[in-house]
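Working notes, beginning with the structure itself.
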């Protein structure tokens, strides 16, 4: 019992008072044993890490240096996995050892606040799945698809390197700091660390950013379902399916979640297949072919009703379905990519990276690549999850690395797979699908003329390809299906049909993918509206105290209506935008998400500074600095650029001037109404950009102030909860290390009834 | 021959263990074990009059009602 023989050796920590060994069993592996194991480089271990490094290095060479006609998708997979392994093993280990110093002798909130419900210690492997399901949604699937216009290399590097140094660091730090504070939310931590001004700015920014994110996710789903009777039918069917599941769980068999999820999944497949049959009939086409505006209104009405219905009826069952689909489909796609190994014909870096004139999303590589791909590399939204549910469920402090850092690496891998799927389709087809209708005219002839007119080397499409692809996937047309979801669906269908079903199954897989994305998005819309509503009620409550009573129905309805109106207005603006919608609004989504990341990292930096860990401050300062530069620069371009394609106000001035000159059409706007719409939209978008960037600058300034104050005072203050002795043991990572195995065996030897009771109440 | 039968049996045993692990993981991932965990927690502390043990049906209702009051974000 190594742990017992070397009692109280090191850890000069505030938690010195904690016993290493309560009762008869150690609750933590001795840090010396851990360190010894860590530093014990056996020949086998050296060989394994050398092999990982070599394979990773080779993959990067294949991607970045070797330029053949095509590059095989397997190199993306190897480059990603090897880099993740190295980042996890070495960088996250460094952060753990020097910056966070988790102490498994301390009880986590799940242990000392245990109530058997919200605070409940959860097995690390299960919690990893939970956390992953909560953070990964449509974001990592959409952003990389849009960024593929710049070629495969910039996106790949940002997704893989960005996650190691930024995204995963943010998730890990926020999760850890929130766990040390009893599961406090990001907003509360911001107030504690940054004071009233910084905290309030962070809170308002979070609320506005949430509105924008929900609106643009809804726009993605609207674009995917427009003019698609099959999609509308099958996605629409998820509502009655979820209602049925909800009633089943409420009244028939409470708690049988897996059972009903399987039933729901089978019904979902039936809805997809049925959608094909319905769309094939005359009445089906007539009834379910809806235009964008109708669908957008449908989603708005749906969003309001879904957010005021009780959770058990719609949200909870659809969440089960979405978790089931998410974990299953992502696993399936990974297997398919590894088996099929598609060849990628896209260039490593395309001309649009430098000239910023890409039709999919406008702007140069720097900074717009880094805001187009937010989720998957660095996603601020995760900070809301990592400071919400997950820290209340974590069993032992050292597990935060596996769940926080590891969970985000997993999401990054999803983004890489989405990128591969989008790149595996024909390059011309990609541009035909992702260029706005304002440029292609929405017809296959127009799309062919536009795409071939872009003058890209090796790109030459014809109307047959576009017509045939539309027919293969069971859609009327695939021209200008912007938003990323349809492109990903074509890519996924293209890969999956090679594995299962052949070309005849292409349409099934396409609609399977659309359904898969729509499920996440609708769940995110519903959950986002609810969370925003509570924030709204809390804020309104400062003026009208009655609003603080969350069970007061009219208050809930008013707050919900305000939130739905806010994102609904942005959504309607997006679908009616004469300039295209996604290409003008998506940068706002990325900027919002990254600004939230900057806020979360700023809070982390203030915490680190207050603890006096200035030597390791760079771990936080690096991603914070990068995210701030990228997003503030991108915001400034959006506000001040004189290029109409990039600057919202430049566009606004151009269209205002055209209207003043009495023109009746200008650019891609065919009428005076359309021109007026552009003037209105660009003004709203520009003002939103200003609001975001101002709030974020306030947060960053208050953080720098807090950091300097802490430095001058030689602060070692902490806002953590008091340390409580832990009475349980669990391993930290996915696989047990030898010292953990030894201790676990000691625990396993004790009869269940004799194990120490956990703290709580 | 006995060896091959024994091998088959232990293989099936191993497969059974694997299947149980997968079943455990899926159940826990979907949150189906929440009631079991609650009961376990409740048993550790002698139930008092203020907090009587909820039945399975009551527990699940209480769970979704708590979610109504405390919504959890889902990410993009």
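Protein chains in written order, with this note's numbering: chain D, 151 to 911; chain Y, 6 to 81. Even for Gly, the Cβ is constructed at its ideal location relative to N, Cα and C.
Classify residue i: buried if its beta carbon has 16 or more other beta carbons within 10 angstroms, exposed otherwise.
{"i": "residue 644 of chain D", "result": "buried"}
{"i": "residue 431 of chain D", "result": "exposed"}
{"i": "residue 671 of chain D", "result": "buried"}
{"i": "residue 151 of chain D", "result": "Per-residue confidence for residue 151 of chain D stands at a pLDDT of 35, beneath the threshold of 50, marking its modelled position as unreliable; no derived number is given."}
{"i": "residue 348 of chain D", "result": "buried"}
{"i": "residue 16 of chain Y", "result": "exposed"}
{"i": "residue 361 of chain D", "result": "buried"}
{"i": "residue 248 of chain D", "result": "exposed"}
{"i": "residue 21 of chain Y", "result": "exposed"}
{"i": "residue 778 of chain D", "result": "buried"}
{"i": "residue 701 of chain D", "result": "exposed"}
{"i": "residue 443 of chain D", "result": "exposed"}
{"i": "residue 614 of chain D", "result": "exposed"}
{"i": "residue 195 of chain D", "result": "exposed"}
{"i": "residue 480 of chain D", "result": "buried"}
{"i": "residue 280 of chain D", "result": "buried"}
Quick one: residues in its chain with C-beta nearer than 6 Å to the C-beta of residue i, no 5 flanking neighbours on either side, listed in chain order?
{"i": "residue 368 of chain D", "result": "449, 675, 721"}
{"i": "residue 801 of chain D", "result": "794, 832"}
{"i": "residue 468 of chain D", "result": "392, 673"}
{"i": "residue 635 of chain D", "result": "370, 374, 667"}
{"i": "residue 499 of chain D", "result": "301, 303"}
{"i": "residue 628 of chain D", "result": "583, 619, 620"}
Quick one: grab the DSSP three-state call for residue i.
{"i": "residue 848 of chain D", "result": "helix"}
{"i": "residue 831 of chain D", "result": "helix"}
{"i": "residue 544 of chain D", "result": "strand"}
{"i": "residue 222 of chain D", "result": "strand"}
{"i": "residue 256 of chain D", "result": "strand"}
{"i": "residue 272 of chain D", "result": "strand"}
{"i": "residue 819 of chain D", "result": "strand"}
{"i": "residue 893 of chain D", "result": "helix"}
{"i": "residue 625 of chain D", "result": "coil"}
{"i": "residue 648 of chain D", "result": "helix"}
{"i": "residue 870 of chain D", "result": "coil"}
{"i": "residue 493 of chain D", "result": "strand"}
{"i": "residue 77 of chain Y", "result": "coil"}
Determine the extent of the alpha helix (DSSP H) in which residue i is found, giving its start and end residues.
{"i": "residue 710 of chain D", "result": "703 to 726"}
{"i": "residue 754 of chain D", "result": "732 to 760"}
{"i": "residue 177 of chain D", "result": "First-last for residue 177 of chain D: undefined, no H or E at that position."}
{"i": "residue 471 of chain D", "result": "465 to 490"}
{"i": "residue 66 of chain Y", "result": "61 to 74"}
{"i": "residue 380 of chain D", "result": "379 to 397"}
{"i": "residue 338 of chain D", "result": "336 to 375"}
{"i": "residue 42 of chain Y", "result": "39 to 49"}
{"i": "residue 793 of chain D", "result": "Where residue 793 of chain D is concerned, there is no enclosing alpha helix (DSSP H), given that its DSSP letter is neither H nor E."}
{"i": "residue 290 of chain D", "result": "289 to 297"}
Excluding sequence positions up to five away, which residues of its chain have a Cβ less than 8 Å from the Cβ of residue i?
{"i": "residue 511 of chain D", "result": "296, 297, 299, 518, 522, 732, 733, 736, 737"}
{"i": "residue 471 of chain D", "result": "388, 391, 392, 395, 411, 414, 415, 418, 669"}
{"i": "residue 234 of chain D", "result": "310, 313, 314, 559, 562, 563"}
{"i": "residue 860 of chain D", "result": "756, 759, 760, 762, 867"}
{"i": "residue 228 of chain D", "result": "205, 206, 208, 209"}
{"i": "residue 638 of chain D", "result": "291, 292, 295, 568, 571, 572, 663, 667"}
{"i": "residue 879 of chain D", "result": "175, 176, 177, 178, 254, 546, 893, 894, 897"}
{"i": "residue 61 of chain Y", "result": "40"}
Which same chain residues, not among the five before or five after residue i, have their C-beta less than 7 Å away from its C-beta?
{"i": "residue 156 of chain D", "result": "For residue 156 of chain D, the predicted model reports a pLDDT of 35, less than 50, meaning its position is unreliable and no value from the coordinates is stated."}
{"i": "residue 236 of chain D", "result": "202, 203, 206"}
{"i": "residue 466 of chain D", "result": "396"}
{"i": "residue 600 of chain D", "result": "585, 589, 590"}
{"i": "residue 351 of chain D", "result": "845, 848, 849"}
{"i": "residue 47 of chain Y", "result": "58"}
{"i": "residue 574 of chain D", "result": "223, 492, 494, 641, 644, 645"}
{"i": "residue 531 of chain D", "result": "363, 743, 746"}
Among the candidates the options, whose CA atom is the shortest distance from the CA of residue i?
{"i": "residue 798 of chain D", "options": "D:765, D:565, D:788", "result": "D:788"}
{"i": "residue 503 of chain D", "options": "D:247, D:217, D:712, D:303", "result": "D:303"}
{"i": "residue 128 of chain D", "options": "D:378, D:683, D:691", "result": "Outside the displayed span of chain D (151 to 911) sits residue 128 of chain D, for which this structure offers no information."}
{"i": "residue 433 of chain D", "options": "D:383, D:823, D:821, D:824", "result": "D:383"}
{"i": "residue 533 of chain D", "options": "D:220, D:478, D:258, D:359", "result": "D:359"}
{"i": "residue 740 of chain D", "options": "D:698, D:783, D:718", "result": "D:783"}
Compute the minimum distance between the beta carbon of residue i and the heavy atoms of the ligand MG, and state whether it is under 7 Å.
{"i": "residue 387 of chain D", "result": "Because no ligand of any kind appears in the structure shown, any question about the ligand MG cannot be addressed here."}
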